[in-house]
């Protein structure tokens, strides 16, 4: 596994004020976001795609029934090219419950401490996180927008999270 050593770009502004600059990108807060408890179903680190300039790590996360190791163990989880894939020979819970209780999140660390914590996370870790769902606009025309719903699936259904607080739970 490639483990990036993300260098946190200079941050100008305050996301609580609505927007800020991170390197060559403007982040616009869309809505506050919090997960009280989730399990890391998978992680993928990126260095070379366009999104890696702001989000070096994607986490496939599960909560509710998808945070139950007995259930998640029966589902094959894979991540590639900023997508999260799952499959199961037999569904341990209804398909819609899997879709509503798991997702791929593109993580943007708000600080060096959060970046270090993200870098240390392993599959199976239980975490709590909070921050903001955001839209990212690059100076070069790049645009990346977070989903604001857990009812969606497919292209555009991932959350783009400005991670302000991250903790590993016992």
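In the numbering used here, the protein residues as written are 346 to 515. Heads up, the beta-carbon is just placed ideally off N, CA and C, and yes, glycines get one too. What you are looking at is a predicted structure, and each value in this text was computed from that prediction instead of being measured.
Is DSSP giving residue i helix, strand or coil here?
i           : result
residue 498 : coil
residue 363 : coil
residue 399 : coil
residue 471 : strand
residue 374 : strand
residue 443 : helix
residue 454 : strand
residue 464 : helix
residue 348 : Confidence at residue 348 is low in this model, with a pLDDT of 31, below 50, so its placement is unreliable and no value can be given for it.
residue 410 : helix
Under DSSP, the beta strand (DSSP E) around residue i begins and ends at which residues?
i           : result
residue 512 : 504 to 513
residue 425 : 421 to 425
residue 432 : 428 to 432
By a C-beta neighbour count over all protein chains shown, 10 Å radius and 16 as the cutoff for buried, is residue i buried or exposed?
i           : result
residue 369 : exposed
residue 360 : buried
residue 351 : For residue 351, the predicted structure reports a pLDDT of 39, less than 50, and the residue's modelled location is therefore unreliable. The matter cannot be settled from this model.
residue 429 : buried
residue 399 : buried
residue 348 : Confidence at residue 348 is low in this model, with a pLDDT of 31, below 50, so its placement is unreliable and the value that follows should be read with caution. It is exposed - the Cβ of residue 348 has fewer than 16 other Cβ atoms within 10 Å.
residue 388 : buried
The alpha helix (DSSP H) that contains residue i, what's its start and end?
i           : result
residue 486 : Looking at the DSSP string, residue 486 is not in any alpha helix (DSSP H), and its letter there is neither H nor E.
residue 416 : 414 to 417
In the DSSP output, which residue or residues are listed as bridge partners for residue i?
i           : result
residue 449 : 405
residue 383 : 472
residue 480 : 373, 490
residue 388 : 404
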